[in-house]
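Protein chains: 2
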Amino acid sequence: MMSRAVWRKLSLGSSSFTGGKYFVRSLATCEASRPKVITEIPGPKSKALKEQMDVVHQASSVKFFGNYDESFGNYLVDADNNCLLDMFMQISSLSLGYNHPELITSMSNFSFLSASCSRPALGSFPRHDFPTTVKEALISIAPKGLSSAQTMLCGSSANENAIKTAFIWYETQRRGGPPTQEDLESCMVQKPPGTPQLSVLSFQGGFHGRTLAMLSVTRSKPIHKVDMPAFNWPVAKYPRYRYPLADNVDYNRKQDSDCLKSVEALIDERKRSGCDVAAVLVEPIQSEGGDHYGSAEFFRQLQRITNERGIVFIVDEVQTGGGGTGSFWAHDFWNLDTPPDIVTFSKKLMIGGYFYAQHLKIQEPYRIYNTWMGDPAKLFLLRKSIEIIKRDKLIENVKEVGTTFQNGLRQLQSKYYEKMSNVRGLALFCAFDMISAQKRDELMNKCLQNGLLVGGCGESAIRFRPALIFGEKHAEIALDILDKSLQMV
Amino acid sequence: MMSRAVWRKLSLGSSSFTGGKYFVRSLATCEASRPKVITEIPGPKSKALKEQMDVVHQASSVKFFGNYDESFGNYLVDADNNCLLDMFMQISSLSLGYNHPELITSMSNFSFLSASCSRPALGSFPRHDFPTTVKEALISIAPKGLSSAQTMLCGSSANENAIKTAFIWYETQRRGGPPTQEDLESCMVQKPPGTPQLSVLSFQGGFHGRTLAMLSVTRSKPIHKVDMPAFNWPVAKYPRYRYPLADNVDYNRKQDSDCLKSVEALIDERKRSGCDVAAVLVEPIQSEGGDHYGSAEFFRQLQRITNERGIVFIVDEVQTGGGGTGSFWAHDFWNLDTPPDIVTFSKKLMIGGYFYAQHLKIQEPYRIYNTWMGDPAKLFLLRKSIEIIKRDKLIENVKEVGTTFQNGLRQLQSKYYEKMSNVRGLALFCAFDMISAQKRDELMNKCLQNGLLVGGCGESAIRFRPALIFGEKHAEIALDILDKSLQMV
Chain A
1 MMSRAVWRKL SLGSSSFTGG KYFVRSLATC EASRPKVITE IPGPKSKALK EQMDVVHQAS
61 SVKFFGNYDE SFGNYLVDAD NNCLLDMFMQ ISSLSLGYNH PELITSMSNF SFLSASCSRP
121 ALGSFPRHDF PTTVKEALIS IAPKGLSSAQ TMLCGSSANE NAIKTAFIWY ETQRRGGPPT
181 QEDLESCMVQ KPPGTPQLSV LSFQGGFHGR TLAMLSVTRS KPIHKVDMPA FNWPVAKYPR
241 YRYPLADNVD YNRKQDSDCL KSVEALIDER KRSGCDVAAV LVEPIQSEGG DHYGSAEFFR
301 QLQRITNERG IVFIVDEVQT GGGGTGSFWA HDFWNLDTPP DIVTFSKKLM IGGYFYAQHL
361 KIQEPYRIYN TWMGDPAKLF LLRKSIEIIK RDKLIENVKE VGTTFQNGLR QLQSKYYEKM
421 SNVRGLALFC AFDMISAQKR DELMNKCLQN GLLVGGCGES AIRFRPALIF GEKHAEIALD
481 ILDKSLQMV
Chain R
490 MMSRAVWRKL SLGSSSFTGG KYFVRSLATC EASRPKVITE IPGPKSKALK EQMDVVHQAS
550 SVKFFGNYDE SFGNYLVDAD NNCLLDMFMQ ISSLSLGYNH PELITSMSNF SFLSASCSRP
610 ALGSFPRHDF PTTVKEALIS IAPKGLSSAQ TMLCGSSANE NAIKTAFIWY ETQRRGGPPT
670 QEDLESCMVQ KPPGTPQLSV LSFQGGFHGR TLAMLSVTRS KPIHKVDMPA FNWPVAKYPR
730 YRYPLADNVD YNRKQDSDCL KSVEALIDER KRSGCDVAAV LVEPIQSEGG DHYGSAEFFR
790 QLQRITNERG IVFIVDEVQT GGGGTGSFWA HDFWNLDTPP DIVTFSKKLM IGGYFYAQHL
850 KIQEPYRIYN TWMGDPAKLF LLRKSIEIIK RDKLIENVKE VGTTFQNGLR QLQSKYYEKM
910 SNVRGLALFC AFDMISAQKR DELMNKCLQN GLLVGGCGES AIRFRPALIF GEKHAEIALD
970 ILDKSLQMV
């Protein structure tokens, strides 16, 4: 394991850090060659730190503490100096792994320092380089057909403001213009017409964040929702496919049609009762909910339903966006004729926000607004990340290694068919099910003690969310550890 | 104006940056000595940038673009090289002004770089130094009687999670324990008992953020609320005092008692209808709403009402916290016998979050949770800021200069009594009213063209939110510009 001093020498002392060759060399130099576990996890230091943390800050969900200053690439070093191959990457939020040399170096310019120390209220007084940065960091990766973005701070605020944009558009269409005096007055006492009875349709098993309104569209787990008052908004069925897909065509097609029927019925019912559905909010892959997929045809039909009814079609790519699926956006696989109305993002994109179609552009100022509305420092980091992802062809890498890794998972599935099933995924964004929640938790723990960090989701699924720099050699190590751990549960 | 090259030499080349003396010297060396306006504002470059931005990102609320890399201390340089004395400081969010040398320097350590590039999901895998950082950055400034904090990303998420904490506590008390199986099942279909009919009481004129649920407790301006579905939660009156306070004792006392009566009536009414008020959410000074104050006695009585009824008392110090009032927390002035149950923060504290009383500590994991739950890099910056604020006695500075500045405002009020009124405030957190919204907007614009940036709020108020490094000389310049500008409107 590289010491901090060595690292400093490697990365901060040098300013010639731009070549892909150097990057490869630095990966080879700095990254661990394999996991190394020297204590149980959490180890004694993590346990002691958890007790310390518990005194000053909620700590009940903490699994272990990371020594991030000593972590590099695909390997996370914990407080007890255990070195773990990380296929969860901070809940799918790091695209270049830990302490990527060029990201670190990219912060040594004055603009990054100034953006961090002199953070603007960018709705009113943005940095002079903000239009350029948005263009280079975000518009360069915009979903096909979309060319405007709005930055926010996280996935929840991305979805919150996407929905607000939908409400504003829906009411503007209904009125044929901006709010009237009656609207402005009635909204202050929360009566119609200024405070409308609109709703958002979401899906069983969906997850869209944990602010209160997002909990009304989140339907993945009771622990998210219990004790929280909620908006009475409709929830439709989301497909639950059988795998392998090729052997279950009829069953899965019926899943699609049943779900689409439930969507249409709910929208029409709400329309009749005067509580119109203004937006449909959906994940391309229900991630927290258990890595459930919808087919391209399902989503094309869903878009058709929203288009026909004048409803805003919002695709939540907070977890799926950023390249892990082998495409920058998971909805690329749907081959839509026209883009979704809104695509929300966060996690691997380092900030939150959304891309929106031109007809949703809001004319009046201060309707989508708050103090920070994002963070230019994070946008600088994102710009650099995108540059590296493109230059090093990391999306190609994800596709190639994803094939290897999924093939390996299928081999394990044949071997352990009584324990695991439903291997599924797009490139490195993949998952399988264990036969029970208990067995899943046991397997996750065995993997951890054997040096591999993976995520759980849904009732009994294991999900993989490695960084885009996850290579063939990492896949090999991960499959070995999975094999060993599956034997033990 | 200092060039970027000079600045680099000053701040980044040197590592001996810790003395208060050096700070004073660097302020004197780097900060502008007075405003300088060379174009109308927004100038041609800002206008061109706004057109560029409008193509890729919403820009309708943008006033002008800042050249933050060239801004220093109390002065904001815009894209057209106008140099403005800034008494608004990015909507009250910068405590040390622009590019404070020691904040910049504090980012040159590896932990800051690593925290930025390898951002943890800190609910599950926090940095090993997180407990210490929370202690040093946050607990060291905790409101009296509170010793636990929860970090978030912004003011809205701070308030959202404070309210969630209140709901969880309220239902736990009601049940006498954690959620039952029935709660866990019913919440997934959003029915009671798992999805309760609870509410939050807030105040007319209040502002608590712009996520959907926060808009249900925000009652400041129609532009925030129009077209948004809302929770049907109760809203009480907030005092509207006459100034000077000493001449209006009886009137103002009646304001307090009327408001408190409305609070009690609303809470009791909700209780009877089975939609209990679980929390009261209130600002010490309604800021966006127009800089309206409540007396210490008002708040003491408000706390008594919540205590008597088993309701969580949440004080929203997102704008008032951080030192501008001459105390770190505005509720310090109330001399409460016991602390508020929750105090929320953001803005000057660089991240969002809240302090909470021990009885509100949640036992079950994953109930208050999301991917990032804050940002350790911002916490490092906050720690350094707090160190500087304490060392340089900046709260003392705010009190002293606040007296000078408010005295100056009162002299202007005597001179321009037909135009301005109700000078009020705590130290540098102060405001006055103009006779109309139109006159207020005119005055703000005249000030801007004369080199002074101030904020508006409520119907016709001007608010001042300078950095804590705002000194006597800045007060003198600001008062001169206000005098000149008041003559012109």
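Residue numbers (the numbering used here), protein chains in the order written: chain A, 1 to 489; chain R, 490 to 978.
The beta carbon of each residue, even a glycine, is placed where N, CA and C say it ideally should be.
Distances from the alpha-carbon of residue 71 of chain A to those of A:57, A:108, A:47 and A:29 put A:29 closest. Just measuring C-alpha positions, the residue of A:229, A:474, A:427 and A:218 sitting nearest residue 33 of chain A is A:474.
With respect to chain R, the C-beta atom of residue 125 of chain A has a partner C-beta closer than 7 Å. Going by DSSP, residue 578 of chain R is part of the alpha helix (DSSP H) stretching over 578-581. Close to residue 660 of chain R, with beta-carbon spacing below 7 Å, are these residues of chain A in chain order: 227. Not flagged as an interface residue toward chain R: residue 87 of chain A, since no C-beta distance is shorter than 7 Å. Taking a cut-off of 8 Å on C-beta distances, the stretch 126-138 of chain A touches the stretch 542-554 of chain R, as three or more cross pairs fall below it. For the pair residue 638 of chain R and residue 874 of chain R, the Cα-to-Cα distance works out to about 18 Å.
With respect to residue 42 of chain A, residue 451 of chain A sits apart: the two C-beta atoms are not nearer than 7 Å. By the neighbour-count criterion, in which 16 or more other beta carbons inside 10 Å mark a residue as buried, residue 359 of chain A falls on the exposed side.
At least 7 Å separates the beta-carbon of residue 575 of chain R from that of residue 534 of chain R. In this structure, residue 787 of chain R lies near residue 728 of chain R, with their beta-carbon atoms less than 7 Å apart. When Cβ pairs closer than 8 Å are counted between the two stretches, the stretch 86-101 of chain A is seen to touch the stretch 458-469 of chain A, the count reaching three or more. The shortest CA-to-CA distance from residue 461 of chain A to any of A:483, A:419 and A:477 is the one to A:419. If you draw a 10 Å sphere on the C-beta of residue 806 of chain R, you find 16 or more other C-beta atoms in it, and that means buried.
Listed along chain R are 549 and 712, each with a C-beta nearer than 8 Å to that of residue 364 of chain A. Contact residues of the stretch 63-84 of chain A toward chain R are 63, 64, 65, 66, 67, 68, 69, 71 and 79 (C-beta to C-beta distance below 7 Å).
Ranked by Cα distance from residue 65 of chain A, the options A:83, A:73 and A:74 are led by A:83.
In terms of beta-carbon proximity, residue 727 of chain R stays away from the interface with chain A, with every pair separated by 7 Å or more. In this structure, the beta-carbon distance from residue 777 of chain R to residue 705 of chain R does not fall below 7 Å. For a Cβ distance threshold of 7 Å, residue set 860 of chain R lies close to residue 347 of chain A, ordered along the chain. Residue R:916 holds the alpha-carbon nearest to the alpha-carbon of residue 885 of chain R among R:916, R:661, R:707 and R:864. Counting the other Cβ atoms within 10 Å of the Cβ of residue 307 of chain A gives fewer than 16, which makes it exposed.
Counting C-beta pairs closer than 8 Å gives fewer than three between the stretch 278-294 of chain A and the stretch 360-368 of chain A, which falls short of the contact rule. Look at the beta carbons and you see the stretch 300-315 of chain A not touching the stretch 218-233 of chain A: under three pairs across the two are nearer than 8 Å. Cβ-Cβ separation between residue 588 of chain R and residue 106 of chain A: approximately 19 Å, too far for a contact (criterion under 8 Å). In terms of Cα proximity to residue 911 of chain R, the closest of R:664, R:717, R:737 and R:833 is R:737. Taking a Cβ-Cβ threshold of 9 Å, none of the residues of chain A is close to residue 963 of chain R; the smallest such distance is about 17 Å. Annotation for residue 628 of chain R: 636 and 638 place their beta carbon closer than 7 Å to its own, counting only its chain and skipping 5 residues before and after. Contact between residue 640 of chain R and residue 842 of chain R holds: their C-beta atoms lie close to 4 Å from each other, under 8 Å. With a cut-off of 8 Å on Cβ pairs, the stretch 965-977 of chain R is in contact with the stretch 921-935 of chain R, counting three or more such pairs. Nearest C-alpha to residue 904 of chain R among R:976, R:876 and R:542: R:976. Distance from the CA atom of residue 356 of chain A to the CA atom of residue 250 of chain A, rounded to whole angstroms, is 35 Å. Residues of the stretch 185-206 of chain A whose Cβ lies closer than 8 Å to any Cβ of chain R, in chain order: 185, 187, 188, 190, 194, 195, 196, 197, 198 and 199. Residue 600 of chain R is not a Cβ neighbour of residue 78 of chain A, given a cutoff of 7 Å. Contacts between residue 656 of chain R and chain A, judged by CB atoms closer than 8 Å, involve 227, 228 and 229 in chain order.
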